[in-house]
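Position 165 (the sequence shown) corresponds to 176 in our numbering; numbering is contiguous. Following: one structure in structure tokens, then a few remarks.
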Amino acid sequence: MHASILHILNTTKTRIQALGPQTCREGLDMGFEKRDFISAVADAKADGKVPVIAEVKPASPGRAFRDILPGTAAELAWEMEEAGAVAVSVLTEPLVFRGSLENLDAVRNTVCLPVLRKDFIIDRKQLDEVQSDLVLLIAGILGEELGVFVELAIEKGFEPLVEVHNKQELDLALKTAARIIGINNRDLETLKINLGTTEELAPIIRECDLDHGTRHLIISESGMNSVLDVRRVIQAGADAVLIGSALMESNSVFDKTKEFVQSAGWR
Numbered sequence: 012m013h014a015s016i017l018h019i020l021n022t023t024k025t026r027i028q029a030l031g032p033q034t035c036r037e038g039l040d041m042g043f044e045k046r047d048f049i050s051a052v053a054d055a056k057a058d059g060k061v062p063v064i065a066e067v068k069p070a071s072p073g074r075a076f077r078d079i080l081p082g083t084a085a086e087l088a089w090e091m092e093e094a095g096a097v098a099v100s101v102l103t104e105p106l107v108f109r110g111s112l113e114n115l116d117a118v119r120n121t122v123c124l125p126v127l128r129k130d131f132i133i134d135r136k137q138l139d140e141v142q143s144d145l146v147l148l149i150a151g152i153l154g155e156e157l158g159v160f161v162e163l164a165i166e167k168g169f170e171p172l173v174e175v176h177n178k179q180e181l182d183l184a185l186k187t188a189a190r191i192i193g194i195n196n197r198d199l200e201t202l203k204i205n206l207g208t209t210e211e212l213a214p215i216i217r218e219c220d221l222d223h224g225t226r227h228l229i230i231s232e233s234g235m236n237s238v239l240d241v242r243r244v245i246q247a248g249a250d251a252v253l254i255g256s257a258l259m260e261s262n263s264v265f266d267k268t269k270e271f272v273q274s275a276g277w278r
């Protein structure tokens, strides 16, 4: 595993220790209604649009895009929603990605879209920190515990998005109750990006669904910088794309999100 990922995991463990036994916020489950991501994707596809999960991403390992406080996070998410995104992903890892739980709260209170919490979830306490509609669970980090975390997330009202980077992790993911599988085109070992990862893994998911009568939603994540990139992964079998860096680097988050949403390669 890449040094920066190991660093994030170590700092995440320190963060969790600081939480103490009582993390559950008052009224966390009071009046919370999960927004339906799976229907949002189906609706976008029916309209001939590309389902885009747009990401509020202050930084990535080795690169800072912009400082994002809750007010800015809310504004960005509003632009993403207006441009036709099907969901908003919010980084909550504070040290390397410079995200925050406050950014997630601000976004969810501003938009009507489903909101994905993007963090390194390694402890059940983290599932009591904040409300979101979807939660990222990384197969390469959770390993054999993945199934337990998927069940726990569902029990707590989240829709788990299980992220995989290779065939071994995909095999683990397909054994869980997760309905959404994210194929990350960035290698966890080298951090190099290869869109061929989606082309390799998406057909395996489709075949598994045909064999078992299941239906997984496939998200292609990382490395899409152009309309051609988006079309490539959609044609490979992805139902939706998750895009962060390309939006954060653009002059207009609204225009860039819209460009991707309207880049339909549906046939």
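Just so it is clear, CB atoms sit at the ideal spot from N, CA and C, and this is done for glycine as well.
Along the chain, which unbroken stretches of the alpha helix (DSSP H) at least 4 residues long are found entirely within the region 170 to 245? 178 to 185, 207 to 223
Identity of the residue in Ser50, Leu127, Ile149 nearest phenylalanine 169 by Cα: As a first step, residue 169 is located in the sequence shown; it is residue number 158 there, counting from the start. Selected option, being the one with the closest Cα: Leu127.
Report the three-state DSSP secondary structure of lysine 129 (helix, strand or coil). Position 118 of the sequence shown, counted from the first residue, corresponds to residue 129. Correct three-state label for lysine 129: strand.
Inter-residue Cα distance where the pair is alanine 84 and asparagine 195: Translated into positions along the sequence shown, residue 84 becomes position 73. Translated into positions along the sequence shown, residue 195 becomes position 184. Approximately 23 Å, taken between the alpha carbons.
Within this structure, are the beta carbons of leucine 280 and isoleucine 133 separated by less than 8 Å? Since the first and last residues shown for the chain are 12 and 278, residue 280 lies out of range.
Using CA coordinates, which residue listed in Gly255, Ile19, Thr25 is at the minimum distance from glutamate 232? Locating residue 232 in the sequence shown gives position 221, counting from the first residue. Checking every option, the nearest Cα to that of glutamate 232 belongs to Gly255.
Take the Cβ of histidine 176 as the centre, count every other Cβ of all protein chains shown within 10 Å, and call the residue buried at 16 or more, exposed below. Taking the sequence shown and counting its residues from 1, one reaches residue 176 at position 165. Flag for histidine 176 reads buried.
Limits of the unbroken alpha helix (DSSP H) element including serine 100: In the sequence shown, residue 100 corresponds to position 89, counting from 1. No alpha helix (DSSP H) contains serine 100, which is instead part of the beta strand (DSSP E) from 98 to 102.
Contact belief for glycine 154 with leucine 172 at Cβ below 8 Å, rounded distance in angstroms: Mapped onto the sequence shown, residue 154 falls at position 143. Mapped onto the sequence shown, residue 172 falls at position 161. No, glycine 154 and leucine 172 are not in contact; Cβ-Cβ is about 17 Å, not under 8 Å.
Assuming leucine 228 and aspartate 250 make a contact with CB atoms under 8 Å, what is their CB distance in whole Å? Reading the sequence shown from its first residue, position 217 is the one you call residue 228. Reading the sequence shown from its first residue, position 239 is the one you call residue 250. Contact flag correct, Cβ pair sits at about 5 Å.
Helix, strand or coil for leucine 106 per DSSP? Numbered from its first residue, the sequence shown carries residue 106 at position 95. Here leucine 106 sits in coil by DSSP.
Please name the residue, chosen from Arg190, Ala55, Arg26, that lies closest to valine 63 on a Cα-to-Cα basis. For the purposes of this step, residue 63 is taken as the residue at position 52 of the sequence shown. That would be Ala55, whose Cα lies nearest to the Cα of valine 63.
Would the beta-carbon of methionine 91 fall within 8 Å of that of alanine 65? For the purposes of this step, residue 91 is taken as the residue at position 80 of the sequence shown. For the purposes of this step, residue 65 is taken as the residue at position 54 of the sequence shown. Contact: yes.
What does serine 71 pair with, by DSSP beta-bridge criteria? The residue you call residue 71 lines up with position 60 of the sequence shown. BP columns for serine 71 point to Arg74.
To the nearest angstrom, report how far apart phenylalanine 265 and glutamine 273 are at their CA atoms. Position 254 of the sequence shown, counted from the first residue, corresponds to residue 265. Position 262 of the sequence shown, counted from the first residue, corresponds to residue 273. Distance between the alpha carbons of phenylalanine 265 and glutamine 273 is about 12 Å.
If distances are taken between C-alpha atoms only, which option among Phe76, Leu20, Lys68 comes closest to valine 99? Walking along the sequence shown from the start, residue 99 turns up at place 88. The shortest Cα separation from valine 99 among Phe76, Leu20, Lys68 belongs to Lys68.
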